[in-house]
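A short worksheet on the structure shown next.
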Amino acid sequence: MRKIINSTYISLDGVIEDPHLWTMDYFDEDAQRYAHDLLFSCDALIAGRETYVAFAETWPHMEEQTGDFGVRMNTIPKYAVSTTLEKGEWNNTTIIKDNVAEEVRRLKEQPGQNILQYGFGSVSRLLVENGLLDELRLWIHPVIVGTGNTADLLTTDGFGATFELADTTTFGSGVIVATYRPAPKKEDA
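Residue 70 in this note's numbering sits at position 70 of the sequence shown; the count goes up by one each step and never skips.
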């Protein structure tokens, strides 16, 4: 069965929004290699509407600058979870509107490589709540962003989950990728 791997940039103060404003100084050769290997270990992307739209506006113009990484981003099958998108404007997109957990479970059961999700939001929470997220890779950046808006943070009130540390990777820039897997459910005594 395929795994769903979430890859999210996060600051020391828990901020995940607008990472392009605070991560670029830390995207060294180690980070580039890690991101490349992660993308090429997957053969599908899944995203919520906001991430999908932002990527669809950016990546079609990035191939010359990013080489095979950009080509892979533009050609890989994409699954956008949205009740408002009518059609996917970005190459090779399928819109998932209804029965999201069931549709994602079906995707995981198909043959192929893993499925990658960038960023953490409502779709990520749905995946965690339904036991569909297999790995959470937090790219912890050595920066305090200082925003106070709860919408900028990894999660919101009312959502919680327990994970176990599976691996860590440290880059020369000081970024640590902490890989977590959902902790097994404890049986009621």
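Even glycine gets a Cβ: it sits at the ideal position worked out from N, Cα and C.
Query - Simplified DSSP assignment, three categories, for PHE171 - result: On the sequence shown, residue 171 is found 171 positions in, with the first residue counted as 1. Residue state, collapsed to three classes: coil.
Requested in this report: Could you say if the region 100-108 and the region 65-76 meet the contact criterion of at least three C-beta pairs nearer than 8 Å?
Outcome: no
Query raised in the report: Sorted by chain position, which residues of the same chain lie with C-beta nearer than 8 Å to ASN91's C-beta, five sequence neighbours on each side aside?
Result: Taking the first residue of the sequence shown as 1, we reach residue 91 at position 91. PRO60, ASN74, THR75, LYS78, listed in sequence order.
Query raised in the report: Going along the chain, which residues of its own chain have a beta-carbon closer than 6 Å to the beta-carbon of ARG72, five neighbours each way excluded?
Result: Residue 72 sits at position 72 when you count from the first residue of the sequence shown. Residues LEU39 of the same chain have their beta carbon placed closer than 6 Å to that of ARG72, with the five preceding and five following residues left out of the count.
Query raised in the report: Near ALA178, which residues of its chain fall below 7 Å by C-beta distance, leaving aside the five closest residues on each side in sequence?
Result: Taking the first residue of the sequence shown as position 1, residue 178 is located at position 178. The beta carbon of ALA178 lies closer than 7 Å to those of LEU138, ILE140, LEU165, THR168 in the same chain, with the five residues before and after it left out.
Query raised in the report: At which residues does the alpha helix (DSSP H) containing LEU38 begin and terminate?
Result: If you number the sequence shown from 1, residue 38 lands on position 38. 29-40 is the extent of the alpha helix (DSSP H) around LEU38.
Query - Whole-number beta carbon distance between PRO182 and PHE159, since they are thought to touch under 8 Å - result: As a first step, residue 159 must be located in the sequence shown, where it is residue number 159. As a first step, residue 182 must be located in the sequence shown, where it is residue number 182. About 14 Å; that fails the 8 Å criterion.
Query raised in the report: Three-state secondary structure (DSSP) at SER82?
Result: The residue labelled residue 82 in the question sits at position 82 within the sequence shown. DSSP, read as helix, strand or coil, puts SER82 in coil.
Requested in this report: Would you decide whether SER11 is buried or exposed? Buried here means 16 or more other CB atoms lie within 10 Å of its CB.
Outcome: For this step, residue 11 is matched to residue 11 along the sequence shown. By the 10 Å Cβ count, SER11 comes out buried.
Query - Collapsed DSSP secondary structure at ASP25 in the structure displayed - result: Stepping through the sequence shown from its first residue, residue 25 is reached at position 25. DSSP places ASP25 in helix when its eight states are reduced to three.
Report task. Run the CB neighbour count on ASN6, radius 10 Å, all protein chains shown included, and call it buried at 16 or more, exposed below. Result -> Mapped onto the sequence shown, residue 6 falls at position 6. Counting of Cβ neighbours within 10 angstroms places ASN6 among the buried residues, the total reaching 16 or more.
Query raised in the report: Does DSSP put ARG106 in a helix, in a strand, or in coil?
Result: Along the sequence shown, one-based indexing puts residue 106 at 106. In the three-state DSSP reduction, ARG106 falls in the helix class (H, G or I).
**Report entry** Unbroken stretches of the alpha helix (DSSP H), 4 residues or longer, contained in the region 94-168
**Finding:** 100-109, 122-129
Query raised in the report: At a cut of 8 Å, does the region 40-48 reach the region 15-29 through at least three beta carbon pairs?
Result: Under the Cβ criterion (8 Å, minimum of three pairs), the region 40-48 does not count as touching the region 15-29.
Query raised in the report: Are the Cβ atoms of ILE4 and LEU133 separated by less than 8 Å?
Result: Counting from one through the sequence shown, the residue named residue 4 turns up at place 4. Counting from one through the sequence shown, the residue named residue 133 turns up at place 133. For ILE4 and LEU133, yes; Cβs fall inside 8 Å.
Query raised in the report: Among residues of its own chain, excluding the 5 on either side of ASP188, which ones have a beta-carbon nearer than 6 Å to its beta-carbon?
Result: By 1-based counting over the sequence shown, the position of residue 188 is 188. Annotation note: pLDDT 46 at ASP188 (below 50); position unreliable, coordinate value reported separately. So no residue of the chain qualifies.
Query raised in the report: How many Å lie between THR84 and ARG49 at the Cα?
Result: To locate residue 84, count along the sequence shown from 1; it is residue 84. To locate residue 49, count along the sequence shown from 1; it is residue 49. Going by the C-alpha atoms only, they are around 8 Å apart.
Query raised in the report: Between VAL123 and the rest of its own chain, which residues show a CB-CB distance below 6 Å, the 5 nearest in sequence each way excluded?
Result: For the purposes of this step, residue 123 is taken as the residue at position 123 of the sequence shown. Around VAL123: GLY48, VAL81.
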